[in-house]
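Asks:
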Amino acid sequence: MSENGSTPLTSANGLLQELRERSDMVSPAERRIAEYIIDNSDSFVDLPMKQLADAADVSEATLIRFCRRRGFEGLPDFRIALAKELAIERAFLREPTELADPLNAHIDTLAGAAFNSITAAKSAISPDNLQQAARLLLMARRIEIVGMGGASANTAAEAVNRLFRLGLAARHTPDGYQQRMIAATLGEQDVMLIISASGELGLVLDSARIAKEAGAKLIAITRPSSQLESLVDIALTFEMRELANLLTPSSSRYGHLFVLDMLATAVAHTIGPDVVRRLLRVKETISGVITDSRNTPIGD
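Residue numbers for the sequence shown follow the numbering used here, so the first one is 10 and each next one is one higher.
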């Protein structure tokens, strides 16, 4: 019980969590206070009482009652508890970013980022868009793949690897100037597949514009609302928040590889039974050099 005899609304779950979960159990005035605290927890700890009351559009007396109903003697005690909760969150719930942080914390963060990136891609990209992109690739005379930098260039190289086994002739060069020149040689029967995490890199956008002017069809694996998305015929996009961690690479690359796998699967699905015979022939050509009797992947 609090000193005024009422039952405290706050439990061991934490102040902010309780305010979020129980906002419908209080008066409109107290709801305004709760919403202000949730949105402005740092300033609530420091601002004078009058400014806080004004900001939440309540009286100072209401603010004091709000604190007492949660088991505190008044605003100062409530602020101390909130400050401690915020400090604990920052110490233990932040992303590990330094070498001094435990290795297992970095590994857990990496695994979570990979999972989140793949999940974001799966949720955002529809099978219809994948099938449309697959049809364009299958109708193409030439497929030129564009990707620059570490993650995008590596994904572009993997795209060549994923597509040639399905019988599609695809090429990739990581050189931005060569990409521009290749774009100028494309025509209406050709497709450019562009991979870009930001969708804003100048050399990549230049290649896209040149290919578009030449009449080629454009497919992009990128983020939504980017310049690149606005240039292409089919955009396979998803939003992914990058880790604030200098020790780890871009987490969106996991999603890009997953999109590539979905696209290659859509191509195989569109080809039909012939693709199975083609992949079996590929497997047979390497069966003699693999000594492991287990079911190994094509190409190891």
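Where is the CB? At the ideal position from N, CA and C, for every residue including glycine.
From a predicted model like this one, the values you see are computed outputs, not experimental measurements.
1) Using only CA atoms, which one of L175, D199, S126, L91 lies nearest to L24?
2) If you check the beta carbons only, do T279 and Q141 fall under 8 angstroms apart?
3) Relative to the alpha-carbon of V284, which residue among A38, S260, R88, L177 has its alpha-carbon at the smallest distance?
4) Which class does V67 belong to by DSSP, given the choice of helix, strand or coil?
5) Along the chain, which unbroken stretches of the beta strand (DSSP E) at least 3 residues long are found entirely within the segment 188-249?
6) P136 to V276, Cα distance in whole Å?
7) Which residues share a DSSP beta bridge with E153?
8) Determine, using beta-carbon pairs with one atom in the segment 145-153 and one in the segment 190-200, whether at least three such pairs fall under 8 angstroms.
9) Do V213 and L237 have their C-beta atoms closer together than 8 angstroms?
10) At a cut of 8 angstroms, does the segment 49-62 reach the segment 34-41 through at least three beta carbon pairs?
11) So for E251, helix, strand or coil by DSSP?
12) Please report how far the alpha carbon of N22 lies from the alpha carbon of L95, in whole angstroms.
13) Looking only at C-alpha atoms, which of T294, G281, S261 sits nearest to A123?
14) Can you tell me whether G224 is buried or exposed? The criterion is at least 16 other CB atoms within 10 Å of its CB, across all chains shown.
15) Could you give the C-beta distance for F333 and I116, rounded to a whole number, given that I count them as a contact under 8 angstroms?
16) For E82, name the three-state secondary structure that DSSP assigns.
17) Identify the continuous alpha helix (DSSP H) that holds D55 and give its terminal residues.
18) For the alpha helix (DSSP H) containing A166, name the first residue and the last one.
Replies: According to the data block:
1) Of the listed residues, the one whose Cα sits closest to L24 is L91.
2) Not a contact, by the Cβ cut-off of 8 angstroms.
3) Ranked by Cα distance from V284, the options A38, S260, R88, L177 are led by L177.
4) Looking at V67 - three-state DSSP - the assignment turns out to be coil, as it is neither helix nor strand.
5) Within the segment 188-249, the runs of beta strand (DSSP E) at least 3 residues long that lie entirely inside it are, in chain order, 200-204, 226-231, 243-246.
6) If I take the Cα positions, the gap works out to 11 angstroms.
7) R180, M201, per the DSSP bridge assignment.
8) Yes: the two stretches touch, three or more of their Cβ pairs being nearer than 8 angstroms.
9) V213 is a Cβ neighbour of L237, given a cutoff of 8 angstroms.
10) The segment 49-62, when compared against the segment 34-41, does not touch it at the 8 angstroms Cβ threshold.
11) Three-state DSSP puts E251 in coil, outside helix and strand.
12) In this prediction, N22 has a pLDDT of 48, which is less than 50 and means its spatial position is unreliable; what the coordinates show is noted afterwards. Roughly 13 angstroms between the two C-alpha positions.
13) A123 has its Cα closest to that of S261, out of T294, G281, S261.
14) By the neighbour-count criterion, in which 16 or more other beta carbons inside 10 Å mark a residue as buried, G224 falls on the exposed side.
15) Any question about residue 333 goes unanswered here, given that the chain covers just 10 to 309.
16) DSSP places E82 in coil when its eight states are reduced to three.
17) Here the alpha helix (DSSP H) through D55 covers 50-55.
18) Counting along the chain, the unbroken alpha helix (DSSP H) around A166 starts and ends at 158-173.
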